[in-house]
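Under the UniProt record's numbering, residues 1 to 217 are what the sequence shown spells out, in order. Ideal Cβ placement from N, Cα and C applies to all residues, glycine included.
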Amino acid sequence: MTVIDLTVRQSNILEIVKQAGPITGKDIADKLGLSRAALRSDLAVLTMSGLLGARPRVGYYYTHKTPSDYIATILGNIQISDAHSLPVVIRENCSVYNAIVTMFTEDVSTIMIVSEGGFLEGVVSRKDLLKASMGDRNLTELPVKVAMTRMPNIIVTTPDEPVLDAAKKLLNHQVDALPVVKVVVVDKTEKLQVVGRFTKTNITRLFVQLADTGYSI
Numbered sequence: 001m002t003v004i005d006l007t008v009r010q011s012n013i014l015e016i017v018k019q020a021g022p023i024t025g026k027d028i029a030d031k032l033g034l035s036r037a038a039l040r041s042d043l044a045v046l047t048m049s050g051l052l053g054a055r056p057r058v059g060y061y062y063t064h065k066t067p068s069d070y071i072a073t074i075l076g077n078i079q080i081s082d083a084h085s086l087p088v089v090i091r092e093n094c095s096v097y098n099a100i101v102t103m104f105t106e107d108v109s110t111i112m113i114v115s116e117g118g119f120l121e122g123v124v125s126r127k128d129l130l131k132a133s134m135g136d137r138n139l140t141e142l143p144v145k146v147a148m149t150r151m152p153n154i155i156v157t158t159p160d161e162p163v164l165d166a167a168k169k170l171l172n173h174q175v176d177a178l179p180v181v182k183v184v185v186v187d188k189t190e191k192l193q194v195v196g197r198f199t200k201t202n203i204t205r206l207f208v209q210l211a212d213t214g215y216s217i
């Protein structure tokens, strides 16, 4: 994102507005000895980033925001539904062996275990499968349910949760992925239906997309 690595000219503009704002684009250009047209792209970057505000017939003013404020605002405005991946799921009667094969073939770190209808029953991680594989066990007969973490001891997210909040869950609970779920009522009982997964890779991909597209608030 451009706002995090400002050019010398953009830094100078920011300093001028801090000292003299509100100030018009023409006055900024005069102070720098440049034409207003020459500053158009720099002013656009600074206003789209949220570091500067602009009012008609008043001019540019300093918002007192930092690049970290900008990032927090963006991630707070983006919902999980815009950033999650498709879920990788298996049934709880699946064997540990098949779970390991699924994990490697799908190249994921966490698999969701679901019942009929796609309702969340548990999750299993690489660490869980490693523990289950230790010792003299027949992995083709050992059901994955003996290794999985069960509800309600699973941290989840929802399609409408801000990405920033979900990212904090990943860090605070030290997990690689969160099941993305929606609440479905079945026979007057609320169940969590898996509709996606949100991972550290999703966060990395999101940052790259923001940098490439110049996302603005």
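Any idea what DSSP makes of residue 14, helix, strand or coil?
Three-state result, residue 14: helix.
Please report how far the alpha carbon of residue 51 lies from the alpha carbon of residue 79, in whole angstroms.
Cα-Cα distance, rounded: 23 Å.
Give the straight-line distance between the Cα atoms of residue 168 and residue 201, rounded to the nearest whole angstrom.
One C-alpha to the other measures close to 14 Å.
Residue 147 burial status per 10 Å Cβ neighbour count (16 or more: buried)
So residue 147 counts as buried.
Unbroken beta strand (DSSP E) run spanning residue 147, endpoints:
First-last for residue 147: undefined, no H or E at that position.
Is residue 134 helix, strand or coil when you go by DSSP?
Judged by DSSP in its simplified three-state form, residue 134 adopts coil rather than helix or strand.
How many whole angstroms separate the CB atoms of residue 95 and residue 142, which I take to be in contact at a CB cut-off of 8 Å?
Contact between residue 95 and residue 142 holds: CB atoms are separated by about 6 Å, below the 8 Å threshold.
Can you check which of these residues, 83, 64, 33, is closest to residue 160 by C-alpha distance?
With distances taken between Cα atoms, residue 160 lies closest to 83.
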